[in-house]
Amino acid sequence: MDTTSLWRATARGPCFGMLKGDEQCDVLVIGGGITGVTTALLLAEQGRKVVLLEADEIGSGTTGNSTGNLYMTTSQGLSSVASSWDDGVAREAMLARKSAVDFIEQRCRDLPGAAFTRCAMYRGARFATDQPSVEQEHQTLARLGAPVRMEEGWPGGLPPPSGRVMVLADQAQFQPQAYVTGLARLAAKAGASVHEHSRVLELDAKQRIATTSGGTVKAGEIVMATHSPKGVHIVHAEMPVHREYAVAFEVGAVDPGPGIFWWKGEEGLSIRILVHEGKRYLVAAGSEHKVGTHNAKAALMAVEAMANSHLSPGPLVHRWSAQNYRSHDGLPYIGRDHSGCFIATGFATDGLTWGTVAARGIAAELAGQKDAFIERCSPRRFTPMKGAKALVEENVTTLKTLVQGYLTGGQHEHLANLAPGDSAIVEADGETFAAYRAPDGELFAVSPVCTHMGCKVRWNSVETSWDCPCHGSRFRPDGTVIEGPAVAPLKRRTTELR
Ligand SMILES: Cc1cc2nc3c(=O)[nH]c(=O)nc-3n(C[C@H](O)[C@H](O)[C@H](O)COP(=O)(O)OP(=O)(O)OC[C@H]3O[C@@H](n4cnc5c(N)ncnc54)[C@H](O)[C@@H]3O)c2cc1C
Ligand code: FES
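Take the sequence shown: its position 79, counting from 1, is numbered 79 in UniProt numbering, and each next residue is one higher.
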């Protein structure tokens, strides 16, 4: 199935060459999403020698597969930050996010393709049981001084909410892929050495040396802007990982115009419009599912069916999905980790703005400026009481996954039964394999044991990948890493399996 997002399909990449040979720099930024590219640009503008290494293409991670909305609140609501912390911290978070959206607006003045538009954010409940959370978020935002009000409905024929709708004025939306590729061009123009198709295969954090298949980079400082930090970090134990599915249609009967529309609750939708070269597209993203523990095809089809039945769209043009990592207490993790490298993660589905907050905070810290909010977001904070319930539930799930992963022998299949396009955990020659037979008949057999911390991977039928339910590492059928904290590929089995 083609899973190219609307954003990636409608914005052309800048095409930077692979790293070839050895380079030295002041700061190495690993990852070419919004966090990495913004960091590289700001540091290059400070006059530092910067290298940016992107495993695939700029924006090809989560940034180019998001929904492109920018807002001062968060998807869980600032009410949840206020209840984990207090109103003072929730206000700090709101102001940091507002300032990041203003920063993006300013940068977009040089990037017309990024289609930055100021608009309102609407938050309504799908079912009456979800209405109290809408009311609560309204009360919190009003208390924090945000430009918020309640209205009886929302515009443009959207499905009716169960009660009053919260309207947060002066938020924004843009084309995230066009923005990030535009910033990468500006970073290169400011002197950064940017390389695509340059996956970091080994990272010596102590010596500050990163190795790719084409060369090495020796740096004074390293920023891991890889969405989830590579290797083993305490934050992985604190972050549930979810996939979300999105679809884009040509606009049909329902066209609400500019705005961020969140129809919250079980089987809710996030809805927005993109106008590209005179054509209007309707984007709908559905609720989240824990990585590796759901049927990907069913989840994608459910979003498609919901959009079809409630939004009367035109023809479907794109389907895609992406992953989010949520922190345990509503704030992201930004700052130096135990090895002294910078990490930036735990953004939930709010990371276009949090990633910008992180980049500005890291660039400021490297320029010797302290920011109290960024210090609060330190990855070395450990405040289990603030998200204790979620944290315990998450670790129980992980533990169960580890145990179940090794005990579910009953679902094993025989290789001979594996038809083209099928995948299974199979046993052959006394060993267990994660096997996939490509439509052309080629067989890929890899170890099912995740190279991060040893959980057992599960098949993702939409993206033809092996996904790890523990901390979200994902692997191609040949075992190579797609995303997540794993660095090493799944061990390839090249026995006489045919
Ligand atoms: C469906 C969905 C919709 C969303 N919508 C919104 C939204 O509307 N608004 C919002 O604010 N947030 C949204 N988010 C969240 C947001 O998209 C992310 O938090 C944000 O894009 C993260 O940016 P990033 O730069 O940190 O990570 P990414 O964009 O994932 O970039 C990380 C990059 O690192 C690269 N990388 C990884 N490993 C290596 C390696 N070893 N070597 C070199 N490079 C490597 C990857 O290839 C990738 O390009 C959404 C998330 C999802 C899942
Ligand atoms: S991602 Fe941590 S064990 Fe697989």
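Every residue, glycine too, gets a C-beta built ideally from N, C-alpha and C.
In this text the structure is predicted, and so the values were computed from the model without any measurement.
Assignment of G441 by DSSP, reduced to helix, strand and coil, places it in the coil class.
When DSSP states are grouped into helix, strand and coil, I34 belongs to the helix group.
For S465, the uninterrupted beta strand (DSSP E) run begins and ends at 465-467, by DSSP. Here the residues close to ligand 2, judged by CB distance below 7 Å to any of its heavy atoms, are H236, C450, H452, M453, G454, C455, C468, C470, H471, G472, S473, G484, P485, A486 in chain order.
Within 7 Å of the C-beta of Q177 there is not a single heavy atom belonging to ligand 1. Counting the other CB atoms within 10 Å of its CB gives E288 a total of 16 or more, which places it among the buried residues. Counting along the chain, W459 sits inside the beta strand (DSSP E) bounded by residues 458-460. For the set P469, E463, H471, the Cα lying nearest the Cα of P477 is the one of E463. For C108, the enclosing alpha helix (DSSP H) stretches over residues 87-108. In the three-state scheme derived from DSSP, where H, G and I count as helix and E and B as strand, Q177 is classed as helix. Taken through DSSP and simplified to helix, strand or coil, S193 comes out as strand.
Between the stretch 337-357 and the stretch 22-36, the count of Cβ pairs shorter than 8 Å is three or higher; the stretches touch. In the DSSP assignment, A424 is bridged to A435. Just measuring C-alpha positions, the residue of G484, T4, K20 sitting nearest S60 is T4.
N69 carries a strand assignment under DSSP once its states are collapsed to helix, strand and coil. The three-state secondary structure of R118, taken from DSSP, is strand. For G351, the enclosing alpha helix (DSSP H) starts and ends at 351-366. A Cβ-Cβ contact shorter than 8 Å links L144 with L78. With a threshold of 7 Å, the Cβ atom of I343 does not count as near ligand 1, since no heavy atom of the ligand is closer than that. V251 is positioned such that its CB atom lies no closer than 8 Å to that of P176. When the beta-carbon positions are compared, L19 and G182 stay at least 8 Å from each other. Annotation note: the stretch 273-333 contains the following uninterrupted alpha helix (DSSP H) runs of length 4 or greater, listed N- to C-terminal: 296-311. Here the alpha carbons of G88 and A82 stand approximately 8 Å from one another. Under the three-state reduction of DSSP output, H236 falls in the helix class.
With distances taken between CA atoms, G32 lies nearest to V194 out of V194, M94, R107. When DSSP states are grouped into helix, strand and coil, S270 belongs to the strand group.
For E250, the secondary structure class from DSSP, reduced to helix, strand or coil, is strand. Shown here, W7 sits in a helix according to DSSP, grouped into three states. Across the structure, A55 and T432 are spaced so that their CA atoms are roughly 29 Å apart. Secondary structure at H471: coil, using DSSP grouped into helix, strand and coil. Secondary structure note for T140: its alpha helix (DSSP H) is the uninterrupted segment 131-144. A190 and E45 do touch by the CB rule: their CB atoms are close to 5 Å apart, below 8 Å. Comparing alpha carbon positions, the residue from T140, G64, G153 closest to P256 is G153.
Annotation for R376: the continuous alpha helix (DSSP H) segment containing it runs 372-376. Annotation: Q136 to M72 spans about 16 Å, alpha carbon to alpha carbon.
Within the chosen limit of 7 Å, ligand 1 does not reach the beta carbon of V134 with any heavy atom.
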